[in-house]
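Student: Quick one: the structure is below, questions incoming.
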Amino acid sequence: MNIFEIKNFSVNVEGKEIIKDFSLSIKAGEVHAIMGKNGSGKTTLSMSLMGHPAYDVTSGQVFLSGEDITDLDTEEKARKGLFLGMQHPVAIPGVSVGNFLRTALKNVWGDKVPVTEIRKRIKDEAQKMKIPAEFLSRSLNDGFSGGEKKKLETLQLSLLAPKFAIMDETDSGLDIDALKSVAEKIHSLRSPERGFLIITHYQRILNYVKPDYVHVMINGKIVKSGGPELALVLESEGYEGMSPVKNEGAKA
Amino acid sequence: MSELIPSRKDENYRYTQIPLSSEGWLPESLANCEATKESFHAWTSDFYIPALKGVEVQKLIPSREAQKNNEWIFLRSESSDSKASSKKYRGALEFVVPKGKSYKVFEFLESNAESSLLMRSIRVEEGAELEYFVYQNQALNHEFVLRHFVDLAPSAKASMRFFHKGSQRGQHRVAARIAKDAEFLLEGATHLEASQHIDVWAEMQHEGATSLSQTTVWNVLLDQASAVFNGMIRILKNCPQTKAYQSNKTLLLSEKARVSTIPKLEISTDDVKCSHGASVSTLDPDQLFYLRSRGISRESAQDMLVEAFTMPVLQHVPKCLLSEHEQASLGLKGDSHVF
Ligand SMILES: Nc1ncnc2c1ncn2[C@@H]1O[C@H](COP(=O)(O)OP(=O)(O)O)[C@@H](O)[C@H]1O
Ligand SMILES: [Mg+2]
Numbered sequence: 041m042n043i044f045e046i047k048n049f050s051v052n053v054e055g056k057e058i059i060k061d062f063s064l065s066i067k068a069g070e071v072h073a074i075m076g077k078n079g080s081g082k083t084t085l086s087m088s089l090m091g092h093p094a095y096d097v098t099s100g101q102v103f104l105s106g107e108d109i110t111d112l113d114t115e116e117k118a119r120k121g122l123f124l125g126m127q128h129p130v131a132i133p134g135v136s137v138g139n140f141l142r143t144a145l146k147n148v149w150g151d152k153v154p155v156t157e158i159r160k161r162i163k164d165e166a167q168k169m170k171i172p173a174e175f176l177s178r179s180l181n182d183g184f185s186g187g188e189k190k191k192l193e194t195l196q197l198s199l200l201a202p203k204f205a206i207m208d209e210t211d212s213g214l215d216i217d218a219l220k221s222v223a224e225k226i227h228s229l230r231s232p233e234r235g236f237l238i239i240t241h242y243q244r245i246l247n248y249v250k251p252d253y254v255h256v257m258i259n260g261k262i263v264k265s266g267g268p269e270l271a272l273v274l275e276s277e278g279y280e281g282m283s284p285v286k287n288e289g290a291k292a
Numbered sequence: 010m011s012e013l014i015p016s017r018k019d020e021n022y023r024y025t026q027i028p029l030s031s032e033g034w035l036p037e038s039l040a041n042c043e044a045t046k047e048s049f050h051a052w053t054s055d056f057y058i059p060a061l062k063g064v065e066v067q068k069l070i071p072s073r074e075a076q077k078n079n080e081w082i083f084l085r086s087e088s089s090d091s092k093a094s095s096k097k098y099r100g101a102l103e104f105v106v107p108k109g110k111s112y113k114v115f116e117f118l119e120s121n122a123e124s125s126l127l128m129r130s131i132r133v134e135e136g137a138e139l140e141y142f143v144y145q146n147q148a149l150n151h152e153f154v155l156r157h158f159v160d161l162a163p164s165a166k167a168s169m170r171f172f173h174k175g176s177q178r179g180q181h182r183v184a185a186r187i188a189k190d191a192e193f194l195l196e197g198a199t200h201l202e203a204s205q206h207i208d209v210w211a212e213m214q215h216e217g218a219t220s221l222s223q224t225t226v227w228n229v230l231l232d233q234a235s236a237v238f239n240g241m242i243r244i245l246k247n248c249p250q251t252k253a254y255q256s257n258k259t260l261l262l263s264e265k266a267r268v269s270t271i272p273k274l275e276i277s278t279d280d281v282k283c284s285h286g287a288s289v290s291t292l293d294p295d296q297l298f299y300l301r302s303r304g305i306s307r308e309s310a311q312d313m314l315v316e317a318f319t320m321p322v323l324q325h326v327p328k329c330l331l332s333e334h335e336q337a338s339l340g341l342k343g344d345s346h347v348f
C-alpha cells in the first residue's frame, strides 16, 4: 500500500507557481530522496504538504495511508501521522523544549498516556540521543546551533513516531559527527510500516539512510528518478547535466 | 503639587482613561482621598513623594528569620474577605533596605474593593539589593492607582517586576532616582482583555555617574483592551557614562485593542547611552505553524505563544507564593515551564 501519495500538486508562493503538477507515491517501508539545488522548490513542497498558510496549494491531493488529508488542518495532519522535520526550525523564546514536547505528545496521544509516562519517555529518548537534561529547560530553538536544532527535530521524529516523515535538509549546517548521529537515528527509525522522504542537496546523508529511490528536482518538478546510484551520479556530475524531462519515474 | 496632580491639559495624560476629576487623577470613588505634598520621610524631602491625608504610613520591617534566609517578604495589601463594606482602599507603605542587605518583596494585589490608591516609597541604601515583584489580579471592576517611588543610593541594585492581569482600569507609576553606580531594572507585563485599561509610567531619573536603568514593558492586549506606556529617561547634569534603556513591546491580538507609547528623554549630560524602543506585533505565523505541525491545536498553540510573550516577567514570579489556581491561570502550574 502507498503510505504517502502526492497527486498533481501545484503550489503558488506570492502569486508565483513554485511547485508544478507534482506527483509522487511512496510505499510503506520505503525511503525516497529528493535532491535539488537551492531554490528548486524542496522546502516549498514540504511546507505546503504540512499546510503552512504562506503556501497556496492551487491544485492536487495528498493521501496518507489512503486517506485524503489535503484539506486538513496542520495539527490534524500531524495527529494522523505526518511529520515534517524542518530545514529552519523557528525559535520560540519563552516556550521551553520540555513544555513544548509534553504539550505536543499530550495533543497527539490524547489522554491515553499519563503525564508521568510522557515525561519519562521524553527523558529516556533524550538520554538515548545524548541530549543533556538542561536542554529541555531552554527556550525552543532559541540560540541553538544548527546541530542542536536538527537534533531536536530528530528527537521529535523519534517521539512522535509518525507513519510518514518528510525530513527537509536535516543534514545541512551539521558537522560530520552531528550528521552521523542524526542520520543514524533516522536510519534506526526505518520500519516496514513507515515511509520517509529525505530532502537534501548533498549525497552524504544518504550514506547513512540508504534510499530506495532518488528523485532529482528542478524548478518545482521531478526531472529524473532512479535508484541510490543516482545520488552518486549527481555528486560527481552536478545538476547541470540533468535536463528537464517528463515526470514519469516518480511512481517507481 | 502641579507635578503630582495632572490636569486634562497636561499632554502626558492625553491617552490615559483614568478619570480626571478636579482633584486630579484619582478614581472618583477616591476623590476625597487628597494627595498632599507632605513627604514621608526626611530623605525624600527633595523628591516629591506624596502622602495621603488620613492614611497612616505603614513600615515594612522583615523578620530576622526572613532576612537571614533571604526569603520572600509577602506583602498582601488587603485580604479579599476584609470588611465587605469598604469600597475604597488606601494604603501607604515605606521601607528601607539597609546597607549591605538584600530583600525580596512580593506584593500581591487582589482587593475586592471598588478602588484602591496605594503609595510605596522604597529606599535602597548603599550597596544594598532589592528584588520586588508586584502581582496584580484584582476584581475586574476594580480601579486602582499604584505608585512605587524607588530611591537608589550609590551602588545600590534593584529589580522591580510587575504583572497586571486584573482590574478594570489602573495606573501604575514607577519613579526611580538612581545615584552613582546604582542599577535599576524594571520589567513589567500586562495581560488585558475586554475593556481593561492599564496606564504604566516609568520615570527613571539618573542622578549620578555610571548609573544604569533598563525598562521593558510587555503588553498582551485582547478584545478592546488598551495600554499606555509613558516612559521618561531623565539624566541630570554630571552623570557621565550613564546608560538608560526603555522599551515597550506589545502583542496585539485584536484589531480593536490599542497601545500608546509615549517616550521622553531629558538629558543634561553628554557622555551617556540612551535608547527608546517600541514594537507592536501579532502572533507569528511561523511559530504557530511550528507548534501546530507537532499536533498542538491552534488554540493551545496561541495560548503558548501568549504565555511565552510575558514569560520574561513571569519566570521571576515566586511561584511558591501563588495559589495552584493562580499558577494554572498563568500556565505556570507544576513544572509546565521548566524555568
Ligand atoms: N516565502 C517566500 N516568499 C517568496 N518566495 C519564496 C518563498 N519561499 C520560497 N520562495 C521562492 O520559491 C523558490 C523555491 O524556494 P525553496 O522552496 O525554499 O527551495 P529549496 O528548498 O529547494 O531551496 C525560490 O525561488 C524562492 O525564492
Ligand atoms: Mg530548502
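Chains A and B are the protein sequences, given in the same order. So the first sequence is numbered by our numbering: it starts at 41 and just counts up by one. So the second sequence is numbered by our numbering: it starts at 10 and just counts up by one. Idealized CB from N, CA, C, for every residue including glycine.
Is the Cβ-Cβ distance between GLN127 of chain A and ASP61 of chain A less than 8 Å?
Tutor: The residue labelled residue 127 of chain A in the question sits at position 87 within the first sequence. The residue labelled residue 61 of chain A in the question sits at position 21 within the first sequence. No, these two residues do not count as a Cβ contact at 8 Å.
Student: Applying a beta-carbon distance threshold of less than 9 Å, which residues of chain B neighbour ARG119 of chain A?
Tutor: Within the first sequence, the letter at position 79 stands for residue 119 of chain A. The answer, in chain order, is GLY304.
Student: Quick check: is any heavy atom of ligand 2 less than 7 Å from the C-beta of LYS190 of chain A?
Tutor: Counting from one through the first sequence, the residue named residue 190 of chain A turns up at place 150. The answer is no for LYS190 of chain A.
Student: Return no unless some Cβ of chain B is closer than 8 Å to the Cβ of ILE132 of chain A.
Tutor: Counting from 1 along the first sequence, the entry for residue 132 of chain A is found at position 92. True, the Cβ-Cβ gap to chain B drops below 8 Å.
Student: Would you kindly report the start and end of the unbroken alpha helix (DSSP H) that includes PHE140 of chain A?
Tutor: Here residue 140 of chain A corresponds to residue number 100 of the first sequence, with the count starting at 1. From DSSP, the alpha helix (DSSP H) with PHE140 of chain A extends over 137-149.
Student: According to DSSP, is ASP61 of chain A part of a helix, a strand, or is it coil?
Tutor: To locate residue 61 of chain A, count along the first sequence from 1; it is residue 21. In this structure, ASP61 of chain A counts as strand in the three-state DSSP scheme.
Student: Grab the span of the alpha helix (DSSP H) containing ILE226 of chain A for me, first residue to last.
Tutor: As a working mapping, residue 226 of chain A is identified with position 186 in the first sequence. Note, ILE226 of chain A: alpha helix (DSSP H), 216-228.
Student: What span of residues does the beta strand (DSSP E) with PRO327 of chain B cover, start to end?
Tutor: Within the second sequence, the letter at position 318 stands for residue 327 of chain B. PRO327 of chain B -> no beta strand (DSSP E), and no H or E assigned at all.
Student: Closer than 6 Å by C-beta to ALA162 of chain B: which residues in its own chain qualify, once you throw out the five before and the five after it? Chain order, please.
Tutor: Position 153 of the second sequence, counted from the first residue, corresponds to residue 162 of chain B. Closer than 6 Å at Cβ, skipping near neighbours: GLU134, GLU135 and ALA188.
Student: Give me the Cα-Cα distance between ALA68 of chain A and LYS250 of chain A, rounded to the nearest whole angstrom.
Tutor: Here residue 68 of chain A corresponds to residue number 28 of the first sequence, with the count starting at 1. Here residue 250 of chain A corresponds to residue number 210 of the first sequence, with the count starting at 1. Approximately 15 Å, taken between the alpha carbons.
Student: Going by beta carbon distance, what residues of the same chain come within less than 6 Å of HIS181 of chain B, once the five residues before and after it are set aside?
Tutor: The residue given as residue 181 of chain B occupies position 172 in the second sequence. LEU155 and VAL209.
Student: Going by C-alpha to C-alpha distance, which of A:HIS227, A:ALA144, A:ASN247 and A:LYS160 sits closest to ALA310 of chain B?
Tutor: The count along the second sequence starts at 1 and reaches residue 310 of chain B at position 301. The shortest Cα separation from ALA310 of chain B among A:HIS227, A:ALA144, A:ASN247 and A:LYS160 belongs to A:ALA144.
Student: Could one say the Cβ of SER309 of chain B lies closer than 8 Å to chain A's Cβ atoms, at least one of them?
Tutor: Translated into positions along the second sequence, residue 309 of chain B becomes position 300. It does; some Cβ of chain A falls within 8 Å.
Student: Can a CB atom of chain B be found closer than 8 Å to the CB of GLN196 of chain A?
Tutor: Translated into the one-based positions of the first sequence, residue 196 of chain A becomes position 156. Yes, because at least one Cβ of chain B sits closer than 8 Å to the Cβ of GLN196 of chain A.
Student: Beta-carbon of ARG301 of chain B versus every beta-carbon of chain A: anything under 8 Å?
Tutor: Here residue 301 of chain B corresponds to residue number 292 of the second sequence, with the count starting at 1. So, interface residue.
Student: Am I right that PHE115 of chain B and PHE83 of chain B are in contact with their C-beta atoms under 8 Å? What's the rounded C-beta distance?
Tutor: On the second sequence, residue 115 of chain B is found 106 positions in, with the first residue counted as 1. On the second sequence, residue 83 of chain B is found 74 positions in, with the first residue counted as 1. Confirmed, Cβ separation roughly 5 Å.
Student: Using a cut-off of 7 Å between C-beta atoms, extract the partners of ALA317 of chain B located in chain A.
Tutor: Residue mapping note: residue 317 of chain B aligns to position 308 of the second sequence, counting from 1. The contacting residues are ILE132, PRO133, GLY134 and VAL135.
Student: Give me, in chain order, the residues of the same chain whose beta-carbon lies closer than 6 Å to that of LEU194 of chain B; leave out the 5 immediate sequence neighbours on both sides.
Tutor: Along the second sequence, read from residue 1 onward, the residue named residue 194 of chain B stands at position 185. For LEU194 of chain B, where only same-chain residues beyond five positions count, the Cβ hits under 6 Å are SER168 and GLN223.
Student: Run down chain B in chain order and give the residues with a C-beta less than 8 Å from the C-beta of MET169 of chain A.
Tutor: Position 129 of the first sequence, counted from the start, is the residue given in the question as residue 169 of chain A. Those do not exist, as MET169 of chain A stays about 17 Å from chain B at its closest Cβ, beyond 8 Å.
Student: Looking at ligand 1, does it come within less than 7 Å of GLU54 of chain A, judged from the CB to the closest heavy atom?
Tutor: If you number the first sequence from 1, residue 54 of chain A lands on position 14. It does: the Cβ of GLU54 of chain A is within 7 Å (strictly closer) of some heavy atom of ligand 1.
Student: Could you compute how far the alpha carbon of MET282 of chain A sits from the alpha carbon of LYS264 of chain A?
Tutor: Here residue 282 of chain A corresponds to residue number 242 of the first sequence, with the count starting at 1. Here residue 264 of chain A corresponds to residue number 224 of the first sequence, with the count starting at 1. Answer to the nearest angstrom: the Cα atoms are 7 Å apart.
Student: In whole angstroms, what is the alpha-carbon distance linking TYR144 of chain B and VAL51 of chain A?
Tutor: Mapped onto the second sequence, residue 144 of chain B falls at position 135. Mapped onto the first sequence, residue 51 of chain A falls at position 11. Their Cα atoms are separated by approximately 49 Å.
Student: Roughly how many angstroms lie between the CA atoms of ILE66 of chain A and ARG170 of chain B, to the nearest whole one?
Tutor: As a first step, residue 66 of chain A is located in the first sequence; it is residue number 26 there, counting from the start. As a first step, residue 170 of chain B is located in the second sequence; it is residue number 161 there, counting from the start. C-alpha separation (whole angstroms): 55 Å.
Student: Is it buried or exposed, LEU39 of chain B, if we count other Cβ atoms within 10 angstroms and call 16 or more buried?
Tutor: Your numbering for residue 39 of chain B matches position 30 in the second sequence. In this prediction, LEU39 of chain B has a pLDDT of 45, which is less than 50 and means its spatial position is unreliable; nothing more can be read from the coordinates.
Student: Which stretch, first to last residue, makes up the beta strand (DSSP E) that contains PHE298 of chain B?
Tutor: Walking along the second sequence from the start, residue 298 of chain B turns up at place 289. Not the beta strand (DSSP E): PHE298 of chain B falls in the alpha helix (DSSP H), residues 294-301.
Student: Looking at the structure shown, is ILE162 of chain A part of a helix, part of a strand, or coil, going by DSSP?
Tutor: The sequence position of residue 162 of chain A within the first sequence is 122, counting from 1. Helix at ILE162 of chain A.
Student: Does GLN296 of chain B get closer than 8 Å to chain A when you measure Cβ to Cβ?
Tutor: Position 287 of the second sequence holds residue 296 of chain B. Closer than 8 Å to some Cβ of chain A, the Cβ of GLN296 of chain B qualifies, so yes.
Student: Nearest CA to the CA of THR156 of chain A: which residue from A:SER177, A:LYS191, A:MET169 and A:ARG142?
Tutor: In the first sequence, residue 156 of chain A corresponds to position 116, counting from 1. Checking every option, the nearest Cα to that of THR156 of chain A belongs to A:ARG142.
Student: Anyone know if the C-beta pair for THR199 of chain B and ASN228 of chain B falls short of 8 Å?
Tutor: If you number the second sequence from 1, residue 199 of chain B lands on position 190. If you number the second sequence from 1, residue 228 of chain B lands on position 219. Result yes, Cβ atoms of THR199 of chain B and ASN228 of chain B sit closer than 8 Å.
Student: DSSP on GLY179 of chain B, reduced to helix/strand/coil?
Tutor: Working through the second sequence from its first residue, we reach residue 179 of chain B at position 170. GLY179 of chain B: strand per DSSP, three-state reduction.
Student: Using a 10 Å radius around the Cβ and a threshold of 16 neighbouring Cβ atoms, would you call ASP113 of chain A buried or exposed?
Tutor: As a working mapping, residue 113 of chain A is identified with position 73 in the first sequence. With fewer than 16 Cβ atoms within 10 Å of its Cβ, ASP113 of chain A is classed as exposed.
Student: Who are CYS283 of chain B's beta bridge partners in DSSP?
Tutor: Residue 283 of chain B sits at position 274 when you count from the first residue of the second sequence. B:ALA253, per the DSSP bridge assignment.
Student: Name all residues in chain order for which at least one heavy atom of ligand 2 lies closer than 5 Å to the residue's CB.
Tutor: Spelled out in chain order, the answer is A:LYS82, A:THR83 and A:GLN127.
Student: Give the C-beta separation of LEU195 of chain A and ALA166 of chain A to the nearest angstrom, bearing in mind that I take them to be a contact with Cβ-Cβ under 8 Å.
Tutor: The residue you call residue 195 of chain A lines up with position 155 of the first sequence. The residue you call residue 166 of chain A lines up with position 126 of the first sequence. Contact holds; Cβ gap of about 6 Å.
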